[in-house]
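Enquirer: Take a look at the following structure, please.
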Amino acid sequence: MTRQLLTESLVLACAGGLLGLVLGAVGIRTLLALNPGSIPRVGPGGSAVGIDLGVLLFTVAVSLTTGVVFGLFPALRASRVDLSSTMKESGGRSGTGFRQNKARGLLVVAEVALALVLLVGAALMIRTYAALRAVDPGFDPTRVLTMRMSLTGDRFATAAAVGELMRAGREGLESLPEVEAAAASCCVPLQGGFGLGFIIEGRPLEGPAHGGGSFTPISPGYFDVFRIPLLRGRAFTDQDAAGAPGVTIINQAMARQYWPDANPVGERITIGRGLGPGMEEGPREIIGVVGDVRDGALSRDPNPIMYVPWTQLPDAHSANLLSITALAWEVRTRAEPAGVLEAIQAKLRDASGGLPVAQFRAMGDVVRQSTARSDFNMLLLTVFAGVALVLATIGVYGLMAYSVEQRQQEMGIRMALGADASRVRDLVVRQGMSLVLLGVAIGVASAFALARVMTGFLFGVTSRDPLVFVVVPFVLAAAAWLGVWWPARRAARVDPVTALRVE
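Residue numbering for the sequence shown follows the numbering used here, starting at -14 and increasing by one per position.
Next comes the structure, spelled out in structure tokens:
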């Protein structure tokens, strides 16, 4: 009998393992197709992730272990049955009621608790996803195309030469009827940048600088391309050249932090003191304040940003920037950029003397890519939580269906003695939901503790969000109730005469 029960258990476990292997292969291919491209060890084709010999052996080991463990204990229990006591029981089914299945009940409680933890994690990530989608990046990425041009050689050794290229490129691009605005810069929002310290004139200095922020050399037209609002003062013009007084424009976050009760326009700051020979520059006057841009990531508060005209950079500083990164061109078009791409490349080749441009990217794609990792984490958790919800529902259904099957005679007796169908149904529902609610309670307590681990992945929602911790238990309990309802409905339809005849 033990061999027979073990054989049945192993056949079921191995069949489940084989099906899981097939589903896993399909799932991996699907998830790799949605891979944001920033997951370690996952190449463009996902060659580093797949079902190899190790995964295959692990699946076989889990299947065999599951079949042995969950087949051996019932087999041993069946082999210790007291034949005399069993034969004396009436019908053989009435003695195997709900309370006698504590082990199965504990498994269901654990399954429900684990499912709730995964569902809470998925719900928090979904809330993060929604919050990120609602964030205003501070610029309008619609119909903005960015590209890079590598400037090398003595021709662009001075900031004035780079500024002349910027002017010629902008004029050529804006001559196209499809182009609304054009600009050039060292950096593009959400694609990294440089940071420098600054000193505010007229304030006592206790350290090397009063503060620090992002440092972004740009051409005129930059704020028009990204539609960054000018809140105070004026924007850069072509007159802000090398011989003109040094100027800078700061963002609202910097103004709020360092001039909380005053207008910073007209103040003077020195940026990057101590950079080295040829890199030093004199004081710059703040001529304007623009709106905040979430430059680092959508999930981070805006940092202080200092915009400066590229033409006013020291030559050594300009050359150093071009040795680190290629010059970025930004173009806002009146229609979709794809239709004017060739014309844009031709104008930039004319302005630069034949230099190529590369790394074409739409700003909409840049914004989406900035949240791709968070979106992928949400997708993974949602898939796992969905599977856990289905398994928990099936587990509850299986336990209650088995319990009803074992208690058919008892149900028949209850109904023969006058119990109506609704009372029998409510009895089964009450017993099943007591397990579910116990699992939900344990799951909520566990989720409260484990959700704090996710704090670093969340945005716009706390790890103890009330909405999540109210809705998720309700959804899980509702799904589990369906698993209880069908066996209870079947129990209420038991024919007392048929049930009492079963021996």
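Glycine included, every Cβ here is placed at the ideal spot set by N, Cα and C. Being a predicted model, the structure only gives us computed values, none of them experimental.
Locate the alpha helix (DSSP H) running through THR367, then write down its first and last residues.
Expert: Here residue 367 refers to the residue found at position 382 when the sequence shown is read from its first residue. Where THR367 is concerned, the enclosing alpha helix (DSSP H) stretches over 357 to 391.
Enquirer: Please tell me whether ALA220 and PRO287 are closer than 8 Å, where the distance is taken between their beta carbons.
Expert: Within the sequence shown, residue 220 is the residue found at index 235, counting from 1. Within the sequence shown, residue 287 is the residue found at index 302, counting from 1. No, they are not a contact pair.
Enquirer: If distances are taken between C-alpha atoms only, which option among VAL147, LEU158, GLY106 and LYS87 comes closest to LYS332?
Expert: For the purposes of this step, residue 332 is identified with residue 347 of the sequence shown, where counting begins at 1. Comparing Cα-Cα distances from LYS332 to each of VAL147, LEU158, GLY106 and LYS87, the minimum goes to LEU158.
Enquirer: Can you tell which of VAL381, PHE459, SER160 and PRO249 has its C-alpha closest to the C-alpha of GLY90?
Expert: Within the sequence shown, numbered from 1, the residue matching residue 90 stands at position 105. Checking every option, the nearest Cα to that of GLY90 belongs to VAL381.
Enquirer: Tell me whether SER359 is buried or exposed, calling it buried when 16 or more other Cβ atoms sit within 10 Å of its Cβ.
Expert: Counting from one through the sequence shown, the residue named residue 359 turns up at place 374. By the 10 Å Cβ count, SER359 comes out buried.
Enquirer: How big is the Cα-Cα spacing for GLU270 and ILE254?
Expert: Working through the sequence shown from its first residue, we reach residue 270 at position 285. Working through the sequence shown from its first residue, we reach residue 254 at position 269. If I take the Cα positions, the gap works out to 7 Å.
Enquirer: When the distance is taken between beta carbons, is TYR243 closer than 8 Å to GLY196?
Expert: Position 211 of the sequence shown, counting from 1, holds the residue named residue 196. Position 258 of the sequence shown, counting from 1, holds the residue named residue 243. Yes. Within cutoff.
Enquirer: Could you give the DSSP three-state label for ALA434: helix, strand or coil?
Expert: Against the sequence shown, residue 434 aligns to sequence position 449. If DSSP states are grouped into helix, strand and coil, ALA434 belongs with the helices.
Enquirer: Going along the chain, which residues of its own chain have a beta-carbon closer than 7 Å to the beta-carbon of ARG(-12), five neighbours each way excluded?
Expert: In the sequence shown, the residue the question calls residue -12 occupies position 3. Closer than 7 Å at Cβ, skipping near neighbours: no residue.
Enquirer: Using 10 angstroms around the beta-carbon of SER160, count the other beta-carbons present and answer buried if the total reaches 16, otherwise exposed.
Expert: Locating residue 160 in the sequence shown gives position 175, where the first residue counts as 1. Classification of SER160: exposed, given that the 10 Å Cβ count is below 16.
Enquirer: Roughly how many angstroms lie between the CA atoms of ALA311 and ALA464, to the nearest whole one?
Expert: If you number the sequence shown from 1, residue 311 lands on position 326. If you number the sequence shown from 1, residue 464 lands on position 479. So the alpha carbons of these two residues sit roughly 55 Å apart.
Enquirer: Between the stretch 396 to 403 and the stretch 111 to 120, are three or more C-beta pairs nearer than 8 Å?
Expert: Contact between the stretch 396 to 403 and the stretch 111 to 120 is absent, because fewer than three Cβ pairs lie under 8 Å.
Enquirer: Rounded to the nearest angstrom, how far is the Cβ of VAL453 from that of VAL105, given a contact under 8 Å?
Expert: Within the sequence shown, numbered from 1, the residue matching residue 453 stands at position 468. Within the sequence shown, numbered from 1, the residue matching residue 105 stands at position 120. Contact flag correct, Cβ pair sits at about 6 Å.
Enquirer: Locate the alpha helix (DSSP H) running through ARG152, then write down its first and last residues.
Expert: Here residue 152 refers to the residue found at position 167 when the sequence shown is read from its first residue. Where ARG152 is concerned, the enclosing alpha helix (DSSP H) stretches over 144 to 159.
Enquirer: Around the C-beta of ASP411, are 16 or more other C-beta atoms found within 10 angstroms, so that it is buried, or is it exposed?
Expert: Here residue 411 is taken as the residue at index 426 of the sequence shown, counted from 1. Exposed, because fewer than 16 other Cβ atoms sit within 10 Å of the Cβ of ASP411.
Enquirer: Going by other Cβ atoms of all chains shown within 10 Å of its Cβ, with 16 needed for buried, is TRP471 buried or exposed?
Expert: Here residue 471 refers to the residue found at position 486 when the sequence shown is read from its first residue. Looking at its Cβ environment, which holds fewer than 16 other Cβ atoms inside 10 Å, TRP471 is exposed.
Enquirer: When the Cα of ARG229 is compared with those of ASN236, LEU298, SER388 and ARG133, which residue comes out closest?
Expert: To locate residue 229, count along the sequence shown from 1; it is residue 244. Note that residue 229 corresponds to Ala in the displayed sequence, not to Arg. Nearest option by C-alpha distance: LEU298.
Enquirer: Buried or exposed for ARG155, going by 16 or more other Cβ atoms inside 10 Å?
Expert: On the sequence shown, position 170 is the one that residue 155 refers to. By the 10 Å Cβ count, ARG155 comes out buried.
Enquirer: Give me the Cβ distance between VAL164 and VAL325, rounded to the nearest whole Å; I'm assuming they're in contact under 8 Å.
Expert: Numbered from its first residue, the sequence shown carries residue 164 at position 179. Numbered from its first residue, the sequence shown carries residue 325 at position 340. So it is a contact: roughly 7 Å between Cβ atoms.
Enquirer: Given a cut-off of 8 Å, decide if ASP300 and PRO174 are closer than it, judged by their beta-carbon atoms.
Expert: On the sequence shown, residue 174 is found 189 positions in, with the first residue counted as 1. On the sequence shown, residue 300 is found 315 positions in, with the first residue counted as 1. Not in contact: PRO174 and ASP300 (Cβ atoms no closer than 8 Å).
Enquirer: Contact between the stretch 94 to 104 and the stretch 133 to 145: three or more CB pairs below 8 Å?
Expert: The stretch 94 to 104, when compared against the stretch 133 to 145, does not touch it at the 8 Å Cβ threshold.
Enquirer: Can you tell me the Cα-Cα spacing of LEU3 and VAL11, whole angstroms?
Expert: Within the sequence shown, residue 3 is the residue found at index 18, counting from 1. Within the sequence shown, residue 11 is the residue found at index 26, counting from 1. Approximately 13 Å, taken between the alpha carbons.
Enquirer: Figure out for me which residue from ARG258, PHE361 and THR127 has the closest Cα to the Cα of THR15.
Expert: If you number the sequence shown from 1, residue 15 lands on position 30. Here the closest residue by C-alpha is PHE361.
Enquirer: Could you have a look at SER170 and say whether DSSP puts it in helix, strand or coil?
Expert: Here residue 170 refers to the residue found at position 185 when the sequence shown is read from its first residue. SER170: strand per DSSP, three-state reduction.
Enquirer: Would you list the one or two residues that DSSP bridges to ALA313?
Expert: Numbered from its first residue, the sequence shown carries residue 313 at position 328. Per DSSP, ARG133 and SER170.
Enquirer: Measuring only from the beta carbon, is CYS172 closer than 7 Å to any heavy atom that is part of the ligand NAP?
Expert: With respect to the ligand NAP, the structure shown offers nothing to examine, as it has no ligands at all.
Enquirer: Does the Cβ of PHE211 have 16 or more other Cβ atoms within 10 Å, making it buried, or fewer, making it exposed?
Expert: Position 226 of the sequence shown, counted from the start, is the residue given in the question as residue 211. Under this definition PHE211 is a buried residue.
Enquirer: Work out the CA separation of LEU38 and LEU365 for me, nearest whole Å.
Expert: By 1-based counting over the sequence shown, the position of residue 365 is 380. By 1-based counting over the sequence shown, the position of residue 38 is 53. Taking the straight line joining both Cα atoms gives about 24 Å.
Enquirer: Where does ASN248 land, buried or exposed, given buried means 16+ other C-beta within 10 angstroms?
Expert: Numbered from 1 along the sequence shown, position 263 holds the residue referred to as residue 248. Exposed: under 16 other Cβ atoms inside 10 Å.
Enquirer: Need the endpoints of the alpha helix (DSSP H) that ALA347 sits in, please.
Expert: Walking along the sequence shown from the start, residue 347 turns up at place 362. Taken as a continuous stretch (DSSP letters only), ALA347 belongs to no alpha helix (DSSP H), being part of the beta strand (DSSP E) at 343 to 347.
Enquirer: Can you check DSSP and say which residues form a bridge with PRO245?
Expert: For the purposes of this step, residue 245 is identified with residue 260 of the sequence shown, where counting begins at 1. Answer is none; PRO245 lacks a bridge partner.
Enquirer: How many angstroms separate the CA atom of ALA108 from the CA atom of ARG188?
Expert: In the sequence shown, residue 108 corresponds to position 123, counting from 1. In the sequence shown, residue 188 corresponds to position 203, counting from 1. Their backbone Cα atoms lie some 49 Å apart in a straight line.
Enquirer: I need the DSSP call for MET(-14), collapsed to helix, strand or coil.
Expert: As a position in the sequence shown, residue -14 is number 1, starting the count at 1. In the structure shown, MET(-14) sits in coil (DSSP, three-state: anything other than H, G, I, E or B).
Enquirer: Can you find at least 3 beta carbon pairs, one from the stretch 312 to 322 and one from the stretch 123 to 138, that sit closer than 8 Å?
Expert: With a cut-off of 8 Å, the stretch 123 to 138 and the stretch 312 to 322 count as touching, because enough Cβ pairs lie within range.
Enquirer: Taking just the CA atoms, how far does THR44 sit from ALA240?
Expert: Residue mapping note: residue 240 aligns to position 255 of the sequence shown, counting from 1. Residue mapping note: residue 44 aligns to position 59 of the sequence shown, counting from 1. Roughly 59 Å between the two C-alpha positions.
Enquirer: Which first and last residues belong to the beta strand (DSSP E) in which SER199 is found?
Expert: The residue given as residue 199 occupies position 214 in the sequence shown. Start and end: 196 to 203.
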